[in-house]
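>
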Amino acid sequence: MTTSNREDYLLAILKLTEDGTVAKTTELAQFMNVSPASVSEMLKILSKDGLVEYAKYRGVKLTEAGLTEARLTRKRHHVVERFLIDVLDMDHEAAHEEASRIEHSISDEAAVNMCNMLGNPPDCDCQCCVSPCKSVSATGVSITMNLTDMRSGDKGKVSHLKSEDTAQVKKLLTMGFVPGREVVMDSCEGEDSPLVIIIGNQSVVLDRTMACAVFVDAGSL
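Each residue of the sequence shown is one higher than the one before, counting from 738 in my numbering.
Structure representation (structure tokens):
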């Protein structure tokens, strides 16, 4: 049994049992477009691995371990799908099909980074990806703040981008504002004047509307 095959079954069972019922073998076979005999054999394996509770002729449901794995796979799918649509301009159907393949191989770390880059969109089923903003402490722990709140000389690393304007996110990415990139506030004179940011080895002039979409872990260098 491959990892992708196992995760496909867990996702199918999750989909069919979210209303609190159990999934019948025939129902699962129809959903997966495979034979009932194939489903029965797979359910025996998943049951042995502790991922499902399966009783012949009665149906199947996920265990806590199976539910956790299914939800993690679904989260990876949703964030990859959003990334393909919002950043790479793929249409929804093509993005869904591609995400269905990528979800089985992408690491959780990569999925979290994608989610952070997208600003943790509420419909990506990945709300846990971006940590809540931290408070400043006496020990010097970094604080996540908007780029516009930084002062001249402040340093940090890009945490994530957050904007409903897809074109704006794409432009910021091409300018180098990707999670983990080091930034230094060079100039922020006047409330209405643009910001001058040193990112990498270059200076970037950014108007405040664009800057509002960038969040930084200040003091993280």
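From the three backbone atoms N, C-alpha and C, an ideal C-beta is built for every residue, glycine too.
Do the segment 787-801 and the segment 742-751 touch if we need at least three Cβ pairs shorter than 8 Å?
Touching, per the Cβ criterion.
> Work out the CA separation of Ile-822 and Asp-828 for me, nearest whole Å.
The residue labelled residue 828 in the question sits at position 91 within the sequence shown. The residue labelled residue 822 in the question sits at position 85 within the sequence shown. Rounded to the nearest angstrom, the two C-alpha atoms are 6 Å apart.
> Enumerate, from N- to C-terminal direction, the unbroken beta strand (DSSP E) stretches of 3 or more residues contained entirely within the segment 760-824.
Listed in chain order, they are 789-792 and 796-799.
> If you draw a straight line from the C-alpha of Ala-758 to the C-alpha of Leu-747, how long is it?
Locating residue 758 in the sequence shown gives position 21, where the first residue counts as 1. Locating residue 747 in the sequence shown gives position 10, where the first residue counts as 1. It should be noted that the sequence gives Thr, not Ala, for residue 758. Thr-758 and Leu-747: Cα-Cα distance of roughly 15 Å.
> Quick one: what's Lys-907 bridged to in DSSP?
Translated into the one-based positions of the sequence shown, residue 907 becomes position 170. Answer is none; Lys-907 lacks a bridge partner.
> Where do the N-terminal and C-terminal ends of the beta strand (DSSP E) with Val-921 fall, by residue?
The residue you call residue 921 lines up with position 184 of the sequence shown. Per DSSP, Val-921 belongs to the beta strand (DSSP E) from 919-924.
> Whole angstroms are fine: how far does the CA of Asn-938 sit from the CA of Leu-809?
Here residue 809 is taken as the residue at index 72 of the sequence shown, counted from 1. Here residue 938 is taken as the residue at index 201 of the sequence shown, counted from 1. Roughly 37 Å separates the two Cα atoms.
> If you draw a straight line from the alpha carbon of Leu-943 to that of Arg-811, how long is it in whole angstroms?
The count along the sequence shown starts at 1 and reaches residue 943 at position 206. The count along the sequence shown starts at 1 and reaches residue 811 at position 74. Roughly 36 Å separates the two Cα atoms.
> Which residues mark the beginning and the end of the alpha helix (DSSP H) in which Ser-837 is found?
Taking the sequence shown and counting its residues from 1, one reaches residue 837 at position 100. Ser-837 -> alpha helix (DSSP H) spans 829-839.
> Checking 9 Å against the spacing of the C-beta atoms, do Cys-951 and Thr-881 come in under that value?
For the purposes of this step, residue 951 is taken as residue 214 along the sequence shown, with counting starting at 1. For the purposes of this step, residue 881 is taken as residue 144 along the sequence shown, with counting starting at 1. A small correction: the amino acid at residue 951 is Val; Cys does not occupy that position in the sequence shown. Their beta carbons are not under 9 Å apart, which means Val-951 does not touch Thr-881 by this criterion.
> Alpha carbon to alpha carbon, how far is Val-776 from Leu-751?
Position 39 of the sequence shown, counting from 1, holds the residue named residue 776. Position 14 of the sequence shown, counting from 1, holds the residue named residue 751. The straight-line gap from Cα to Cα measures roughly 15 Å.
> Measure the beta-carbon distance from Ala-760 to Lys-793 and round it to whole angstroms, keeping in mind my assumption that it falls under 8 Å.
Locating residue 760 in the sequence shown gives position 23, where the first residue counts as 1. Locating residue 793 in the sequence shown gives position 56, where the first residue counts as 1. About 13 Å; that fails the 8 Å criterion.
> Return the first residue and the last residue of the alpha helix (DSSP H) that Ala-847 is part of.
Working through the sequence shown from its first residue, we reach residue 847 at position 110. That run of the alpha helix (DSSP H) goes 845-854.
> Classify Ser-896 as buried or exposed, calling it buried when 16 or more other Cβ atoms lie within 10 Å of its own Cβ.
Walking along the sequence shown from the start, residue 896 turns up at place 159. Answer is buried; the Cβ neighbour count reaches 16.
> Is Asp-902 helix, strand or coil when you go by DSSP?
If you number the sequence shown from 1, residue 902 lands on position 165. Coil, per DSSP.
> Can you check DSSP and say which residues form a bridge with Ser-940?
Reading the sequence shown from its first residue, position 203 is the one you call residue 940. Ser-940 is bridged to Ile-935.
> For Ala-955, list the residues DSSP reports as bridge partners.
For the purposes of this step, residue 955 is taken as the residue at position 218 of the sequence shown. For Ala-955, which the question treats as bridged, DSSP gives the partners Ile-880 and Gly-893.
> Grab me the residues of Ala-766's own chain with a C-beta within less than 8 Å of its C-beta, minus the 5 sequence neighbours each way, in chain order.
Residue mapping note: residue 766 aligns to position 29 of the sequence shown, counting from 1. Correct list, in chain order: Ser-772, Pro-773, Ser-775 and Val-776.
> Kindly indicate the opening and closing residues of the alpha helix (DSSP H) around Ala-950.
Walking along the sequence shown from the start, residue 950 turns up at place 213. Premise fails: Ala-950 is in no alpha helix (DSSP H) and is neither H nor E.
> Report yes if the C-beta distance between Leu-753 and Phe-768 is below 9 Å; otherwise report no.
Start at 1 with the first residue of the sequence shown, and residue 753 comes out as number 16. Start at 1 with the first residue of the sequence shown, and residue 768 comes out as number 31. Contact: yes.
> How many angstroms separate the CA atom of Ile-934 from the CA atom of Val-941?
Counting from one through the sequence shown, the residue named residue 934 turns up at place 197. Counting from one through the sequence shown, the residue named residue 941 turns up at place 204. If I take the Cα positions, the gap works out to 5 Å.
> Just to confirm my understanding: we take Arg-813, look at its own chain, exclude 5 residues before and 5 after, and list those with CB closer than 6 Å. What are they?
Position 76 of the sequence shown holds residue 813. Cβ within range, chain order: Glu-840, Ile-843 and Ala-848.
> Going along the chain, which residues of its own chain have a beta-carbon closer than 7 Å to the beta-carbon of Gly-890, five neighbours each way excluded?
Position 153 of the sequence shown, counting from 1, holds the residue named residue 890. Contacts found: Met-922.
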